[in-house]
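Report on the structure given below.
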Amino acid sequence: AQSVTQLDSQVPVFEEAPVELRCNYSSSVSVYLFWYVQYPNQGLQLLLKYLSGSTLVESINGFEAEFNKSQTSFHLRKPSVHISDTAEYFCAVSEAWPGGYQKVTFGTGTKLQVIP
Amino acid sequence: DGGITQSPKYLFRKEGQNVTLSCEQNLNHDAMYWYRQDPGQGLRLIYYSQIVNDFQKGDIAEGYSVSREKKESFPLTVTSAQKNPTAFYLCASSIDRANTEAFFGQGTRLTVV
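In order, the protein sequence lines correspond to chains A and B. One rule links them: number in our numbering = place in the first sequence (from 1) + 4. One rule links them: number in our numbering = place in the second sequence (from 1) + 358.
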C-alpha cells in the first residue's frame, strides 16, 4: 500500500529566506507525484507534478521539487519566499490500480508561515 | 469557466439531522471524490465514483452516503450516524488516470450545533 509522509506539520520562515518542505513516500509500483497548495478556507490547487522525464519540476511561482527515486522523496523548495506563500502544502502520490483507475494518497500537510 | 462548485460554503446542522452537501463539475471528468479534512490529519477519502451509477467506499465511509445519478453531480449526505461530523469537506474530480491531477472545489465547512 502506498503512503505519504510529511514530517513537518508547520514550518516558519522569514520572508526572502529559502524553504524546503519534505515529502517521502512508499509504494510498490511506479508512482506519479504532486504538490498541492491550500489557502485558508479554500480547496486545493495543483502547484506542480512529476510524471516522468526530468526529475526536477518547477511551478510558475518559483517553487521546485525534485523526484529522488532512491530516497523515495519529493521535497518542495523555494529559494526566496514571499508573504503570499503562506499556506498549507500537501504532497500526494498517485498510482494506477488494476483496471487503470487511480489511487491517490495525500500527506497530512505542512503549514508554511512566512514571517515579515 | 470549467470547474467544480460546492455548496453551501458554510453549513450548520443540529445533532440528529441528516444534511446533504452539493458538488457539481462541468469538466466532463469521469471520477469524483469526497474528502474530509480535519486539522493535522490531511485529506481522508470518504467515497469515490469512477462512473455514473457506481461508487465505492473510501477509508472513512461510515455515517456518509452518496449518489451519482449524473456525471456532473456527486452529492454527499452526512447522516445522523456520523458521530463527529464537524469538519471541512472537499469534493474533487479527475480524468481518473494515475498521471492526472485532481481538481478541487472550494469546500464546505460543516458545523454541528
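All C-beta atoms in this analysis are idealised placements derived from N, C-alpha and C, irrespective of residue type, glycine included.
Which residues in the same chain have their Cβ closer than 6 Å to the Cβ of serine 81 (chain A), if we skip the five residues on either side of it in sequence?
-> It should be noted that the sequence gives arginine, not serine, for residue 81 (chain A). Excluding sequence neighbours, arginine 81 (chain A) sits near Glu24, Glu68.
Leaving out five residues before and five after serine 63 (chain A) in sequence, what residues of the same chain have Cβ atoms less than 7 Å from its Cβ?
-> Leu51, Leu52
If you follow the beta strand (DSSP E) that arginine 371 (chain B) is part of, which residue opens it and which one closes it?
-> 368–371
Alpha carbon to alpha carbon, how far is leucine 448 (chain B) from asparagine 65 (chain A)? Give it in angstroms, no decimals.
-> 25 Å
In the DSSP assignment, what residue or residues form a beta bridge with cysteine 27 (chain A)?
-> DSSP, once it has assigned bridges, lists no residue as partnering cysteine 27 (chain A).
Is there contact between the stretch 439–447 of chain B and the stretch 411–422 of chain B, where contact requires at least three CB pairs shorter than 8 Å?
-> yes
Is serine 58 (chain A) helix, strand or coil by DSSP?
-> coil
Alpha-carbon to alpha-carbon, serine 84 (chain A) and phenylalanine 94 (chain A) | 19 Å
Within the 7 Å Cβ cut-off, does glutamate 92 (chain A) reach chain B?
-> no
Taking Cβ-Cβ distances shorter than 8 Å, what residues in chain A pair up with glycine 463 (chain B)?
-> Gly47
Selection from B:Phe462, B:Leu468, B:Arg467 that minimises the alpha carbon distance to leucine 48 (chain A) = B:Phe462
Output the boundary residues of the beta strand (DSSP E) element that contains proline 16 (chain A).
-> 14–18
Which partner residues does glutamate 92 (chain A) have in the DSSP bridge list?
-> A:Gln42, A:Lys115
Closest Cβ-Cβ distance between glutamate 382 (chain B) and chain A: below 7 Å?
-> no
Identify the contact partners of serine 74 (chain A) in chain B, using a Cβ-Cβ distance below 7 Å as the criterion.
-> By Cβ distance, chain B contributes nothing, its closest Cβ being about 21 Å from serine 74 (chain A), past 7 Å.
Would you be able to state if there are at least three C-beta pairs under 8 Å between the stretch 426–433 of chain B and the stretch 382–392 of chain B?
-> yes
Note down the Cα distance separating threonine 458 (chain B) from serine 452 (chain B), rounded to an integer number of angstroms.
-> 7 Å
Valine 41 (chain A) burial status per 10 Å Cβ neighbour count (16 or more: buried) = buried
What's the call for tyrosine 43 (chain A), buried or exposed, on a 16-neighbour Cβ count within 10 Å?
-> exposed
How would you call glutamate 373 (chain B), buried or exposed, if buried means at least 16 neighbouring beta carbons within 10 angstroms?
-> exposed
Give, in chain order, every residue of the stretch 405–419 of chain B whose Cβ lies closer than 7 Å to some Cβ of chain A.
-> Gln408
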